[in-house]
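Protein chains in written order, with our numbering: chain A, 1 to 244; chain B, 1001 to 1244; chain C, 2001 to 2244; chain D, 3001 to 3244.
Just so you know, even glycine gets a beta-carbon here, dropped at the ideal spot from N, CA and C.
A short write-up of the structure that comes next.
Protein chains: 4
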Amino acid sequence: MNDQMDGMKILAEGYVQLVESWGSDQAIIEAARMSTNKGFEGWGDDDEPGDERLLGYLYRNKHATPFEMAGVIVEVKAPLFVFREWHRHRTQSYNEMSARYVPMPNENYVPTIERIVEGAKTTGNKQAAGTAQLDQAAAEQWLERLEKFYADAEQVYADGLACGVPKELARLAVPVARYSRMRASANLRNWLAFLTLRQSPKAQWEIRQYADAVGRIIASKFPRTWELYQEGSDTKTHQTSEKS
Amino acid sequence: MNDQMDGMKILAEGYVQLVESWGSDQAIIEAARMSTNKGFEGWGDDDEPGDERLLGYLYRNKHATPFEMAGVIVEVKAPLFVFREWHRHRTQSYNEMSARYVPMPNENYVPTIERIVEGAKTTGNKQAAGTAQLDQAAAEQWLERLEKFYADAEQVYADGLACGVPKELARLAVPVARYSRMRASANLRNWLAFLTLRQSPKAQWEIRQYADAVGRIIASKFPRTWELYQEGSDTKTHQTSEKS
Amino acid sequence: MNDQMDGMKILAEGYVQLVESWGSDQAIIEAARMSTNKGFEGWGDDDEPGDERLLGYLYRNKHATPFEMAGVIVEVKAPLFVFREWHRHRTQSYNEMSARYVPMPNENYVPTIERIVEGAKTTGNKQAAGTAQLDQAAAEQWLERLEKFYADAEQVYADGLACGVPKELARLAVPVARYSRMRASANLRNWLAFLTLRQSPKAQWEIRQYADAVGRIIASKFPRTWELYQEGSDTKTHQTSEKS
Amino acid sequence: MNDQMDGMKILAEGYVQLVESWGSDQAIIEAARMSTNKGFEGWGDDDEPGDERLLGYLYRNKHATPFEMAGVIVEVKAPLFVFREWHRHRTQSYNEMSARYVPMPNENYVPTIERIVEGAKTTGNKQAAGTAQLDQAAAEQWLERLEKFYADAEQVYADGLACGVPKELARLAVPVARYSRMRASANLRNWLAFLTLRQSPKAQWEIRQYADAVGRIIASKFPRTWELYQEGSDTKTHQTSEKS
């Protein structure tokens, strides 16, 4: 059921994988043409444009419902804190691994030194006054402690499970950095709303990597709609919001 | 894009046509298995049942989200009063012909004599006291008047359009019996909720014909889920609700 | 439960009436401040602005979820063709009169001559080539025919009901101009989305009258949010979309 | 804005607090009566029942839309793993504390010994074969380790923040046991769906405590609807589903 899209590695151990898509740029036109009791009339070219003009008109004028007649299902492996942000999008359907039913594998997100140092610069203005300027050595040291902490967390978790603590309570020791897995389904309209928020420079870098991967899937399946989305993303409209 | 399903005539001039489906009984299992970090393990047979047991468990225990990982898009031609009921289902996506943009073709739903006489019997208990018992002759006479009325409506509508009344106002003369067209998309969970209400004996006969046609499409694409739905429909649970 | 807002007459026989509202400009701030673990800090004035700055920031940057923490329920009497447009907004809750249960009262929308003549001018570019230019006399003549048509429709409807045709079929003769009644509930975010589409110059004049009335209710209950909405409505963003 | 409902302590450090409600049992009747073009006619008593009969009919026959004409907003403090389950309910509106903007206070859920030992018994059948039977001493020992682990987590988190690691990355060390805060809004129909799943014996004990508190709020604001919900909860229907 998967195709060339599988294997898009995100962060160190995560991924985004196409499960299935439906609809097409053409199907969007067909749906929109219901309003005038007509159908798809064909794409044109630079000399003689065809239905790409209607597609552009629909997109730019926010006639959004035809873009609900297509969609994508993906499988995602990502840290819990990424899923926490993702699940705020209430128009998607989700099925996720449950720590009540299975022990969560011992995989935790470890950011790179560069990510931490770079992140400290770009979010620096949000740091409390009097906070130290992060240098590379401090970042390395903290990262080392973080990894040791992950090992401790796993120890508490695994020992709890081993001695009979219920899975649903043993997980109290799991950090939000731990990887989980899910399938997510949405129509194209709602995926584009997700991308608008999660590809924004204001979104956290980690979820942006996932959003970019979803974007590549959408680009491959709906190339003409993707072009319109990108054109819109260059404008300010697409870079300001936060949560759906 | 259409397949063997096209051409399902409903009422005299309406239809339901499959545009596209996505997902499958197997994909529902795959999605559900995310919770235990596993995948599809295969269907079994009477001697050794396989994942049909999980499918049955999910359906009967109302674990509904995996059934959101599949769906169907249909094209429908139906009278306005049917669309009025249909559009109360707010989890579907719609694109419909607009009388603001195109004149609506002169096609109006004419019930059969049998439908009227039969309907008078079954809804008789809701008739006001003192109402006459409808006989065949009266039904025939009323039907004749109705058809003449449709012709008058078209005359007013067409003359308005011809003399320059805006389409959006000329339509004031259009009766709710007039046929319109739309595409409708929903995931399987929401189609089954639609069918539960619209295949119910309490639903109006006309929309039940459309619901039955949607049911045949779902049966052909998701045969195992359909079997579970039908099993549930035999119980009282499925025959009591009215509107989503 | 109603207040000063009742009695907003719309069209000749329709109305919009406030049933109830919840939340407030302040409650929106309180909800937004959850993100920083704080609360409402007070409105300011021109010299020293207070939380109106946060409200403006939220609105302008499309941080929409705090605006879901307030809402309005209205009761509406409007023609069926207006309800047909209204019900495309799938984030509202509706309870409407049903012609299956009660005969619809004989009230039908009759546009004014001015509305028809003016409408013919502004939508003229959408008229088919060769269509006559509508003059006042033709409009008057058509309107006269329309009213006679409404009387005929009622005759067919009432006679059907009287002789025993089931209500759900007798209504086939009802034109889309007939008035119905409903209650509609939505949160503030979704009401503003409704208004953006239905107060737009592209929306049909009739539903715009209803949208304006809803706007007056929102202005009275959420004056600071309303100011921000209006500021946004002056920009192009708010005047381009069509359907939610 | 709060009333007697504030101060419902849940777990050790959490709470559920009423922010606001709208609608009433009577308003549900008024909305339902739109369908027959009537209004509220009054409650009755045992001798002569009034509109409580209609309310019961609506509830038992799943005429759900009138129950969307009322609602409740609550403020909740709960551990992250509870919010993870809560946020799967996509028909609610949420505003939650964000660890990207503020450091999360050092409060973590510590279950009681009784909860762990009892939980081990009731979920025992789900434990892997060969798992030890949990005894009180082992539970105490594990709990001690968990609390020490929480202290370590806070150390890593606080030190990261102090040396300049961005908040959004320092939080990687936060366990899912940590408390967060949010406001949640939903209409009554959707709160009852939430309660059906989260008051079920199959739901995790911790979220059940929160669901019970929401239930007490609903009981105080909508006593007649609550009675109907409870009557339904005694039947099997209400005890089988898992996720909305």
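Inset, instruction - Kindly indicate if chain A contains any beta-carbon less than 8 Å away from that of residue 3119 (chain D). - result: For the purposes of this step, residue 3119 (chain D) is identified with residue 119 of the fourth sequence, where counting begins at 1. Answer yes: the Cβ-Cβ gap between residue 3119 (chain D) and chain A drops below 8 Å somewhere.
Legend entry - Residue-chain proximity (residue 2060 (chain C), chain B), Cβ-Cβ < 8 Å: Along the third sequence, one-based indexing puts residue 2060 (chain C) at 60. False, the Cβ-Cβ gap to chain B never drops below 8 Å.
Inset, instruction - Quick one: which unbroken alpha helix (DSSP H) runs of 4-plus residues sit fully inside the segment 1190-1229 of chain B? Chain order, please. - result: 1205-1221
Inset, instruction - Compute the distance between the beta-carbons of residue 2225 (chain C) and residue 2059 (chain C), then report whether it is under 8 Å. - result: To locate residue 2225 (chain C), count along the third sequence from 1; it is residue 225. To locate residue 2059 (chain C), count along the third sequence from 1; it is residue 59. Yes.
Inset, instruction - Under 8 Å between beta-carbons, which chain A residues line up against residue 1023 (chain B)? List them in chain order, please. - result: Residue 1023 (chain B) sits at position 23 when you count from the first residue of the second sequence. By Cβ distance, chain A contributes 20, 73.
Legend entry - Residue-level contact to chain B via CB, residue 31 (chain A), 8 Å cutoff: Numbered from its first residue, the first sequence carries residue 31 (chain A) at position 31. Cβ-Cβ to chain B under 8 Å: yes for residue 31 (chain A).
Inset, instruction - Taking residue 2082 (chain C) as part of the alpha helix (DSSP H), name the residues at either end of that continuous run. - result: For the purposes of this step, residue 2082 (chain C) is taken as residue 82 along the third sequence, with counting starting at 1. From DSSP, the alpha helix (DSSP H) with residue 2082 (chain C) extends over 2080-2086.
Inset, instruction - Leaving out five residues on either side along the sequence, give the residues of the same chain with a beta carbon under 7 Å from the beta carbon of residue 2100 (chain C). - result: As a position in the third sequence, residue 2100 (chain C) is number 100, starting the count at 1. So the list reads 2167, 2168, once near-sequence residues are dropped.
Legend entry - Minimum Cβ-Cβ distance from residue 3212 (chain D) to chain A less than 8 Å: Residue 3212 (chain D) sits at position 212 when you count from the first residue of the fourth sequence. No, residue 3212 (chain D) lies away from the interface with chain A (no Cβ there is under 8 Å from its Cβ).
Legend entry - Contacts of residue 3100 (chain D) in chain A (Cβ-Cβ under 7 Å): Here residue 3100 (chain D) corresponds to residue number 100 of the fourth sequence, with the count starting at 1. In chain order: 204.
Legend entry - Limits of the alpha helix (DSSP H) - the one that residue 1173 (chain B) falls within: Walking along the second sequence from the start, residue 1173 (chain B) turns up at place 173. No alpha helix (DSSP H) contains residue 1173 (chain B), which DSSP labels as neither H nor E.
Inset, instruction - Would you mind stating whether residue 1097 (chain B) and residue 1198 (chain B) have Cβ atoms separated by less than 8 Å? - result: Position 97 of the second sequence holds residue 1097 (chain B). Position 198 of the second sequence holds residue 1198 (chain B). No. Outside cutoff.
Inset, instruction - Let me know the secondary structure DSSP gives residue 145 (chain A) once reduced to three states. - result: If you number the first sequence from 1, residue 145 (chain A) lands on position 145. Here residue 145 (chain A) sits in helix by DSSP.
Legend entry - Minimum Cβ-Cβ distance from residue 207 (chain A) to chain D less than 8 Å: The residue labelled residue 207 (chain A) in the question sits at position 207 within the first sequence. No, no contact with chain D.
Legend entry - Neighbourhood of residue 125 (chain A) by C-beta, 8 Å cutoff - its chain only, sequence neighbours within 5 removed: Looking up residue 125 (chain A) in the first sequence gives position 125. Residue confidence is low: residue 125 (chain A) scores 44 on pLDDT, short of 50, so the model does not pin down where it sits. No coordinate-derived value is stated.
Inset, instruction - Please state if the CB of residue 3179 (chain D) and the CB of residue 3095 (chain D) are separated by a distance shorter than 8 Å. - result: Against the fourth sequence, residue 3095 (chain D) aligns to sequence position 95. Against the fourth sequence, residue 3179 (chain D) aligns to sequence position 179. For residue 3095 (chain D) and residue 3179 (chain D), no; Cβs fall outside 8 Å.
Legend entry - Listed by chain order, chain C residues near residue 1174 (chain B) by CB distance under 7 Å: Along the second sequence, one-based indexing puts residue 1174 (chain B) at 174. Correct list: 2175, 2176.
Inset, instruction - Please go through the same chain and pick out, in chain order, the residues whose beta-carbon is closer than 8 Å to the beta-carbon of residue 1189 (chain B), but skip the five residues on each side of it. - result: Against the second sequence, residue 1189 (chain B) aligns to sequence position 189. So the list reads 1064, 1065, 1067, 1068, once near-sequence residues are dropped.
Inset, instruction - Could you name the residues of chain B that residue 2111 (chain C) contacts, counting a contact when the two beta carbons are closer than 8 Å? - result: Reading the third sequence from its first residue, position 111 is the one you call residue 2111 (chain C). Within 8 Å Cβ-Cβ: 1169, 1172.
Inset, instruction - Taking only beta-carbon positions, decide if residue 16 (chain A) is within less than 8 Å of chain D. - result: Taking the first residue of the first sequence as position 1, residue 16 (chain A) is located at position 16. So no, residue 16 (chain A) is outside the interface.
Legend entry - Below-8 Å beta-carbon distance, residue 3066 (chain D) vs any chain E residue: In the structure shown, chain E cannot be found, because the protein chains are A, B, C and D.
Inset, instruction - Mind listing the chain C neighbours of residue 1116 (chain B)? Cutoff is C-beta to C-beta under 7 Å, in chain order. - result: Walking along the second sequence from the start, residue 1116 (chain B) turns up at place 116. Near residue 1116 (chain B) (Cβ distances below 7 Å), the residues of chain C are 2165, 2169.
Inset, instruction - Determine, using beta carbons only, whether residue 1142 (chain B) comes closer than 8 Å to chain C. - result: Walking along the second sequence from the start, residue 1142 (chain B) turns up at place 142. Yes, residue 1142 (chain B) counts as interfacial toward chain C.
Legend entry - CB contact below 8 Å: residue 2090 (chain C) versus chain B: Against the third sequence, residue 2090 (chain C) aligns to sequence position 90. Yes, contact with chain B.
Inset, instruction - Determine whether the Cβ of residue 48 (chain A) lies closer than 8 Å to any Cβ atom of chain B. - result: In the first sequence, the residue the question calls residue 48 (chain A) occupies position 48. Judged by the 8 Å Cβ criterion, residue 48 (chain A) is not in contact with chain B.
Legend entry - Closer than 8 Å to chain C by CB, residue 1082 (chain B): Residue 1082 (chain B) sits at position 82 when you count from the first residue of the second sequence. Judged by the 8 Å Cβ criterion, residue 1082 (chain B) is not in contact with chain C.
Inset, instruction - Assess, as a yes-or-no matter, whether the segment 68-79 of chain A is touched by the segment 143-162 of chain A under the definition of 3 or more beta carbon pairs within less than 8 Å. - result: no
Legend entry - Cβ neighbours of residue 3093 (chain D) in the same chain (closer than 6 Å, five flanking residues each side left out): For the purposes of this step, residue 3093 (chain D) is identified with residue 93 of the fourth sequence, where counting begins at 1. So the list reads 3185, once near-sequence residues are dropped.
Legend entry - Alpha-carbon spacing of residue 3035 (chain D) relative to residue 3229 (chain D), whole angstroms: The sequence position of residue 3035 (chain D) within the fourth sequence is 35, counting from 1. The sequence position of residue 3229 (chain D) within the fourth sequence is 229, counting from 1. In a straight line, the C-alpha of residue 3035 (chain D) is about 23 Å away from that of residue 3229 (chain D).
Legend entry - Neighbouring residues, chain C, relative to residue 1199 (chain B) (Cβ below 9 Å): Along the second sequence, read from residue 1 onward, the residue named residue 1199 (chain B) stands at position 199. Here the premise fails: no neighbours, minimum Cβ distance about 17 Å.
Legend entry - As assigned by DSSP and simplified to three states, the class of residue 2074 (chain C): For the purposes of this step, residue 2074 (chain C) is identified with residue 74 of the third sequence, where counting begins at 1. In this structure, residue 2074 (chain C) counts as strand in the three-state DSSP scheme.
Inset, instruction - Mind checking which residues open and close the alpha helix (DSSP H) that includes residue 100 (chain A)? - result: Position 100 of the first sequence holds residue 100 (chain A). Here residue 100 (chain A) belongs to no alpha helix (DSSP H), and DSSP marks it neither H nor E.
Legend entry - Those residues which DSSP pairs with residue 3017 (chain D) across a bridge: Position 17 of the fourth sequence holds residue 3017 (chain D). Paired residues: D:3075.
Legend entry - Within-8 Å CB hit, residue 76 (chain A) to chain D: For this step, residue 76 (chain A) is matched to residue 76 along the first sequence. No, its Cβ sits nowhere closer than 8 Å to a Cβ of chain D.
Inset, instruction - Would you kindly check if the distance between the Cβ of residue 3205 (chain D) and the Cβ of residue 3115 (chain D) is under 8 Å? - result: The sequence position of residue 3115 (chain D) within the fourth sequence is 115, counting from 1. The sequence position of residue 3205 (chain D) within the fourth sequence is 205, counting from 1. It is a contact, given that the beta carbons lie within the stated cut-off.
Legend entry - Neighbour-count burial assignment, residue 3061 (chain D), 16 or more Cβ in a 10 Å radius: Within the fourth sequence, the letter at position 61 stands for residue 3061 (chain D). Exposed is the call here.
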